Structures are given as C-alpha cells and as structure tokens.
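Accompanying notes for the structure given below.
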Amino acid sequence: MSAPGSQVVITGVGMATCLGLGVERTWRAVLEGRCGWGPLTALEGVAPGTCHGGEAPALPTAVQNGTSREVAYLRLAIHEALGGAGIDGVGPPRTQELQSLGSLPYAPDRCGCILGTTLHGMRHAGDFLRGAGPSVLAEFLAAPVMLGAVAGLGLRGPLVTTCAACSSGLASVGLALMLLGTGELDLVIAGGYDAVSEYAYAGFDSLRLIAPEPVRPFCTQRAGMNIAEGYAVLVLERAGDAARRGARPLAAVRAVAQSSDCHHLTQPHPQGEGALRAVRSALEVAATGVDRIGLIAAHGTGTPNNDAAEYAALSTAFSDRLVHVPVVAFKSHLGHTLGGAGAAELILSAMALHEQIVPPTANVAPEQVEFPTLRVTTGRARAARIDATLNLSLGFGGANACAVLGPAPAPTEQPAPVQPTSPNRRARAVLITGVGVVAPGAVGNAAFASLLACGPRAGAPESARARHVDDSAIAHLLNTRRVRRMSDYVKLTLAGASVALEDAGVQDVPTFTEQCAAILGTTHGSAGYSESYYRQIVSAGIGGANPMLFAEGVPNAGAAQLSMMLQIKGPCQTLIGSRTSGLDALWLAALGIASGQWDRAIVSAAEEYNAVVHSAYEAQGLCAAPGRARPFARTGFDAGAGAAAIVLESADSVAARGGRVRGTILGGRSVAAAGSAGRGLVRAVRAVLGAIGTPGSVLSSANGTWLGRAEARGIVAARRGRSPTTVSSISGYLGETFSAGPLAALAGVLLIGRLPAMEPDARPPGGLAPSSGSGVTGAFGVLCTDWSGLAAAVSIGLPGQTDGQRA
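Quick note: the sequence shown uses the working numbering, first residue 419, plus one each step.
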C-alpha cells in the first residue's frame, strides 16, 4: 500500500518505553547510547530475574488508576501526544496524574484513533487460564483496550485496531494517512503498543530467537532479539489544518508503503524482495530519491536471517548510495517492542530529523558490523544534515512497511488543500466483483443462496445450525500443502477467499494478486490455537511453548497465509477485536480503491467456534440455547463459525479483465458511541446510517442481545420523517459469526437479489418493517455494532443503480 502523505504532519508524539516515560526521556537516553535491557519483573508466571528484555518503568499509582497495564501506559502516551499537539487542557505526563482533556480542535466525529498491536490484551487470557474467571476476558480483545485508552477524550470517529505483526505500528500510520488524505477525518491518533507478556516471550523463545544479552543488530556475532514493551502514539493532521490552528508540527509524513513477502510465516524472504518493494514504493510516493535520505531507521532485530534479508533489500534499493547513509537500529536501545516498534521508531526518526542529529546504535562497534556497505551508526550522536528519513518495519508472515519523513512545512507555507476522494464523496467507483461465503451446512455461494431461499430457521437444514465447518467440506478450496497446521480461522479465511475469487471469474490468480491488497477482519482470530498454546505455558512454564501454535495463533496469521496461498504482494493486514472489524475492513479497502492507491483488494472476515470464547459470552448472559435465538428479542445468540469474502476492484481493473459487477460501494463509516452504552450506541447507529445516506433497506447485525434493540432504535432515529425502513438479519439462518456475519449478509443479498426474509416472530421494534424476502430498490445498508460501543455501516448499490438512486 502506498499512502500519499505530503500534506500530513505529526503535531504531537507520546511514548513509554524501557528507557523512560515520555518522548524526551526516551530520546535523550538514545542520544546517550543507553540500552534498556534488564530483568522482566512484570512477566507473568516467571520468577523475577529469570528472563531479560525491555520493561517500561513503573507508573505512578494515580496514573495506573486500577486499569490494565496496556491501557494505563497507552493513556499516558496518548495524553502526552495530545498535549504536544497543543490540544487544550492536555499536557505532558505528570508524576501524579493525567490532566483532563479540553476541547478537540475539530468536530468529535472528525477525530479517530488507529492503533497497531500484535497481542492486544493477551495478559488477561493468562489471568483467565489461572482461574480468574471469564469476566477478565472482557478486557482481552483489542476493542476494550482501545476504548479504555481513549476514554474521556471525546473521539467519535472510527476506533480501529490493526495487526500486521511487528509492522503493526507503521501499518496504523498508513491507515491514518488514508483517512486524512481522503478527507474522512481531520485528526487521527495513530501508533502501536504491546505489553510485556509471557505469551510473547515464550513464543519467540520457542523459535530460538531470544538473545541472552542486549541485542546487537547487524553484528557478526548477533545472537537474536530482545523482547520489550512499548507504547508509541502520534497525532496526525493535514498540514493546512494544523497551520490554521497554530500547531507546530514535528515532521511531515511523506509516505507509508506496505507489501507482502508471500514467502513464509516466520522467516523473511532471503533476498528481502517484499521489503524492497515497500522501500521503492515509499520513495516513489514521497517523490524522494535515495540521495535525499539522510538517515535510515532499520528494523534491525539482531536475528541472523532478518538482518541479512533487510540488508539485501536496502543494498538493492540504495545501491552505491547505501555506504553514505547512516543506519540506526533503535531496537539496540529499546528492544523489540512488537506492535509498538514501527510507531516508536518513527517518533525517534522524527526527533532526529527535527534536531538534525544522527543517533548512535547501542551495543555495536564498527569492526563488528557484518555487512561492509552498511554504515551502522556507532559511538556518539552527531550533528548532520538530514533532509529526509526512511523507516523500515518487518513482521511475521512477510508483512513489510516503510515510511518516509520530511521536514515540517514552514509556518509561512500554504499547503495545497486535500481533495476528498472517499466513496462517500462520489470519487472513483469501487465495484464488488466477487463474493464468497463458507458456513456450517452452506459451503460455497450456491449452498448459501439455497439456505437463504429456504426461509429462516424452519427451512434450514440441521447442518446449518452446527457450530463448526467440517474440514472435509472445504478441503477442495485450500490450495496449500500446510493446511494440517492451520487453525480453523485460517482455513475458513482461505476457503472464503477462494470462493470469492472464483465468483469474480478470476482465471489468472497470480497476475490478479500481483498488485492486490488484502484487509481482513476478525473478532477472535485463531482462538483455539491461542488457547492451546497458552495452556501449555501455564501448565509447563515458558519452556513448554509450542512454536507452531504460536506462529499460527498470531492475529494476522490469516492475512499471512492468504498472501502466501494467493501470492498477494500488496499490503495484507487484519483489523481485530470487534464485531465491526469485517465492515471496517470493507470500508477501509473501499477508501484505498476510491483514492487510487489500489486497483483491487480482497476483504475477508472469519470466525472459528471456540468453547472458551463461547463460555465468556455465556457468563455475560449473552448466549441462547441452539435454535432459540431471535434477532431483536433478548434471547441471546447461538455462536457458530463462518467466513465471508468480498472482491473489490476499480472500474479500470474490471474492464481490463472483462469482469462482472455484482454491486458498488456507495459509502461507509465507522464511529464510536458517546455516553452510556445503550443510548450512546443508538446515536452511533444513527450517525453511521446518516453518513451513508440513510438507506431504506438495512441488513442489521441484531443477534438476540441488547445490540438488536439499540440498532432498531438507531435505525428509526435515522429514518425519522421518512417512509418505513425494511430490515433483515441473517441470525435466523446462521449462528452468531461476529465480524463475518455482516459480510455474509451483504454477500447473500448480492447472490439472491433481495433481503433475506425474517421469521414471523422476529418482528423488530419501533415500527420497522421486517423483510418478507422482497427485492431491493435503491441502495441498501449493512449495519454492525459491538458491545464496546462501536458501530459501522456500508451502503451498497446494485448493478444498474446510480448514486441518485440511493434512498
């Protein structure tokens, strides 16, 4: 992915690392050449002093304030960043407490947050496995972590968490640039985080990647990586907007580009081909030649294969110029902060650019560098002219990200205004050319269409009420030799995408995916593998970790395996931790095509059934007995498994291959609720439906919990004064499939040409009209909500309709 960022500036930064709380403390420690390596005293289930890495200093009690570790440190970093951006009422982190927030400089619905992470609130899963009870899992998912971190800030725009493994921090900045560049938002808090955890330490240790000493990147005697924690946040705005409110930017983000290796789940491409494509794309979008780069911030993990592959990419991209460019490896100071790494290192690069200082790499002497043309910075910090910086971030599954920073515009400069290019503003058409659904008893589009044609519940075969999708039913869709190692979530992801590509009539898959992106959504990911892996650690200690389960259980495993199976070389990342993740993925992918960054994208959402996950929802009173769930009643839901995939293309892409169009993305939106969960979510539903044109037909994600009542009231509020709204839900056809449900419902309408009929006893409240299975006139909306207070919606036009036909 390439995101044009010449108009986007960094107006505030915040961080917490093993070198200190706050950007200034971390930055000064880096300039002094210090390394934060030491005992990991906060590692759960491990005797203090047994394991070493990078651990953030303890927080003052008033800052901790009873919140989880990841939420408390994230809040500290976010408040520091907003204070640095000059947001009224917010200052740098205090020793005793955080200051309250004043007013945002833009409308609350024009401000959002995108965070990257590898393992979100994983520490809570360990508490559960040690007997804390299922209630602790309420803080496990990424959405509650996000909501806790931004509590009280007044953000009403999208709150999204992305996972691209160790490149997640930079991936979040790329999504932020897209939201700002398309005119969707005016301010985005972006960044990354991961808390120190036994889950992560044991996993990398099982892969034999943990060094017994401070990390020594690019050295002949490098022994591996140091696990660390880090929380890093940037406030991003368009340059013109920042100038008008008197902000003083730190740097300009000229580009963020992403790519996929398509090579291996845990090993980089030996020649660094994916990383090279990311570097070249970032330089091209930034319109910056290698001769302008004055500092390279390398990924530099200190592992033999990663360092060698990264050097191969840089030496090819920079050629003879590489020997003249200083290369710093910030992980020699910070350790590997996983999801926080890309954002933390981008902040440090911005500081270097702003102060015109080349920082040193710790633990490395010049004669120890293995690669002769790599000018690793050693010794002391020194002054230098730096016109631009380049950051490289590489993750499991071959997820690569590269960013280019330039100096902030002078206050007298008047940047050109950004021309909005989102689907909401009638930009380049975003066409749906293929859909694919995989569900219990309904594997493939024909089977799913037949299920919907049967009518709800009574006509559905017993197999459709099962909780699992049989492996034998999807084996023919999995074009890979490693399927036996894959989690159910990954298998479902791959199967759904295969069906969608076949439905799109894609004959030459490698050519189609050469320039293709993929954005996935999931609420729970590979929950079964993660549970099995973690139970081994709890029972046998860190040494009992299974490396295969660890690698396959990372949230972006589905995106990684999809890129390898289909040879997708564009960006592949996964939105995680919310029921809205699937619709959020569809909306963001549509923005990528509408803005001209991509020509095609595969969007997928998948969920496997897991008994522990089900028990956690059951403990909250949200589950019903099989066959008892009713969408808009308070019966509870019956969980199941399933996947749905959507193929999106530009008109040029469709025309070039003679494809068929099933529908058009007309608009999309994602918002956070304000106030109490119930009333706030009603207002959020009204807001997202208003943003997409308040369509007269809505596919609700009502699932037999209070979400259904909130959605119904929000739909009524959005349509007040208009003709009655027709609503439908597929919860009478399939079990609750969380993020996959809305995409499956969308696919169903495109397959059968009408809203699925609702059962007679599932009448929605508020005078809404339940669908009788009639055809759709005008646009229809797809709506999804989450118990955390998030809402998302997308509007779809059928072939032959125009924007003017939207309701």
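Each residue gets a CB set at the ideal place from its N, CA and C atoms; glycine is no exception.
Just so it is clear, the structure is predicted and the values come from calculations on it, not from any experiment.
- Pairing residue 573 with residue 426 gives a Cβ-Cβ distance that is not under 8 angstroms.
- Counting along the chain, the unbroken alpha helix (DSSP H) around residue 906 starts and ends at 906–921.
- Ranked by how close their Cα comes to the Cα of residue 662, the residues 504, 443, 981 have 504 in first place.
- By the CB criterion at 8 angstroms, residue 971 and residue 944 fall inside the cutoff.
- In the three-state reduction of the DSSP assignment, residue 1050 falls in the coil class, being assigned neither a helical nor a strand state.
- In the DSSP assignment, residue 1210 falls within the beta strand (DSSP E) that extends over 1208–1215.
- Annotation for residue 824: 670, 672, 806 place their beta carbon closer than 6 angstroms to its own, counting only its chain and skipping 5 residues before and after.
- The beta strand (DSSP E) runs lying completely inside the segment 520–605 and spanning 3 residues or more are 529–535, 577–581, given in chain order.
- In the structure shown, residue 482 adopts helical secondary structure according to DSSP, grouped into three states.
- About 7 angstroms separates the CB atoms of residue 940 and residue 976; that is less than 8 angstroms, so the two are in contact.
- Here residue 638 is exposed, its C-beta having fewer than 16 other C-beta atoms within 10 Å.
- With respect to residue 474, residue 436 sits close: the two C-beta atoms are nearer than 8 angstroms.
- Residue 935: not part of any alpha helix (DSSP H); member of the beta strand (DSSP E) spanning 935–940, first to last residue.
- In the three-state DSSP reduction, residue 981 falls in the helix class (H, G or I).
- Taking all protein chains shown into account, residue 929 has fewer than 16 neighbouring C-beta atoms within 10 Å of its C-beta and is therefore exposed.
- Judged by pairs of C-beta atoms under 8 angstroms, the segment 561–569 does not touch the segment 741–748, as fewer than three such pairs exist.
- The alpha-carbon separation between residue 799 and residue 776 amounts to approximately 6 angstroms.
- Beyond the five residues adjoining it in sequence on each side, residue 467 comes within less than 8 angstroms, by CB distance, of 457, 459 in the same chain, given in chain order.
- By the C-beta criterion, the segment 1081–1099 is judged not to be in contact with the segment 1175–1184, since fewer than 3 inter-stretch pairs fall below 8 angstroms.
- Counting along the chain, residue 470 sits inside the beta strand (DSSP E) bounded by residues 470–472.
- Counting every other CB atom within 10 Å of its CB across the protein chains shown gives residue 933 a total below 16, marking it as exposed.
- Going by DSSP, residue 457 is part of the beta strand (DSSP E) stretching over 455–457.
- Rounded to whole angstroms, the gap between the alpha carbons of residue 1161 and residue 524 is 32 angstroms.
- For residue 649 against residue 491, the beta-carbon gap comes to about 4 angstroms, under 8 angstroms, which counts as contact.
- Residue 1188 sits in a strand when the DSSP states are folded into three classes.
- Bridge partners of residue 652 according to DSSP: 431, 608.
- Around residue 946, the same chain offers 905, 906, 1026, 1028 as residues with beta carbons nearer than 7 angstroms, after the five sequence neighbours per side are excluded.
- At a cut-off of 3 residues, the continuous stretches assigned as beta strand (DSSP E) that sit fully inside the segment 1026–1103 are 1060–1067, 1081–1090.
- Taking residue 918 as reference, the option from 813, 484, 1165 with the minimal CA-CA separation is 1165.
- The C-alpha of residue 1108 lies about 34 angstroms from the C-alpha of residue 1034.
- In the three-state reduction of the DSSP assignment, residue 743 falls in the coil class, being assigned neither a helical nor a strand state.
- In the three-state reduction of the DSSP assignment, residue 1203 falls in the strand class, which pools E and B.
- Straight through space, the alpha carbons of residue 1096 and residue 848 are spaced by roughly 33 angstroms.
- When the alpha-carbon of residue 1060 is set against those of 1098, 1141, 1151, 1078, the nearest one is in 1151.
- Residue 1195 is classed as exposed because its beta carbon has fewer than 16 other beta carbons within 10 Å across all chains shown.
- At a cut-off of 3 residues, the continuous stretches assigned as beta strand (DSSP E) that sit fully inside the segment 784–822 are 806–813.
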